[in-house]
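Okay, so here's the structure we're looking at.
Right, dumping it as structure tokens:
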């Protein structure tokens, strides 16, 4: 992106519309790598061919931010199939409200949400954050059956079929360490935020 923008001169100015070919592919891949290969909103595994560059503040309303590095993210979904539900960046579209949309870029974004064993995301019970969380979940369609089922599957992958596995405190700590970090190739585990919430909540409920 820096090299692309550096080409600006009196006769040519860079724009997102002109970001094409290898420059766009490389930048898209850079965003994915920086995010640990998971969607900025739902946390599922993404690759370049099935994700898109997301303008957090949409180009239609904020054209001056169309090439702002801190406004660009990698979100799941690219080519929508017939009847496939839109979610995350595709679901949000051009909607933006800085008072009602929880940004994945803020350090405490995870504190706006709670998770259940059946894969639902709920708004926090903290009154000052609940409205933003509710609107974000609604606008990004984060509780559609597809996403709820894959989150539930990720939880089952930790706790076993039927969620019957009882973890020791040491096992929980090791899993928290695992889900908090990328692996040696820079990949976060899919839905790591969901799993971390469940593990930390269990640790508080059982050992504190």
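Residue numbers (the working numbering): -3 to 204.
Glycine included, C-beta positions come from ideal geometry on N, C-alpha and C.
As the structure is a prediction and not an experimental result, all values here were calculated from the model.
Along the stretch 59 to 86, the beta strand (DSSP E) occurs as fully enclosed runs of 3 or more residues at 68 to 72, listed in sequence order.
Counting only residues of its own chain and dropping the five nearest sequence neighbours on each side, residue 67 has a CB closer than 7 angstroms to the CB of 51, 52, 53 and 61.
Under the criterion of beta carbons closer than 8 angstroms, residue 118 and residue 110 qualify as touching, at roughly 5 angstroms. When DSSP states are grouped into helix, strand and coil, residue 147 belongs to the helix group. Taking C-beta atoms as the reference points, residue 203 and residue 152 fail to come closer than 7 angstroms.
Distances from the CA of residue 65 to each of 127, 0 and 90 were compared; the closest alpha carbon is that of 0. For residue 162, the closest alpha carbon among the candidates 82, 190, 38 and 195 is that of 195. Between the beta-carbon of residue 90 and that of residue 56 there is about 5 angstroms, and that keeps the pair under the 8 angstroms contact cut. Between residue 87 and residue 136, the gap from beta carbon to beta carbon is short of 7 angstroms.
Here the alpha carbon of residue 185 sits roughly 46 angstroms from the alpha carbon of residue 6.
Listed in chain order, the non-local C-beta contacts of residue 29 below 8 angstroms within the same chain comprise 182, local neighbours out to five positions each way being set aside. Residue pairing for residue 99: DSSP places it in no beta bridge. The beta carbon of residue 33 is closer than 8 angstroms to those of 41, 42, 43, 182, 183 and 184 in its chain, skipping five residues each way along the sequence. One thing to note: residue 168 has its Cβ no nearer than 7 angstroms to the Cβ of residue 125.
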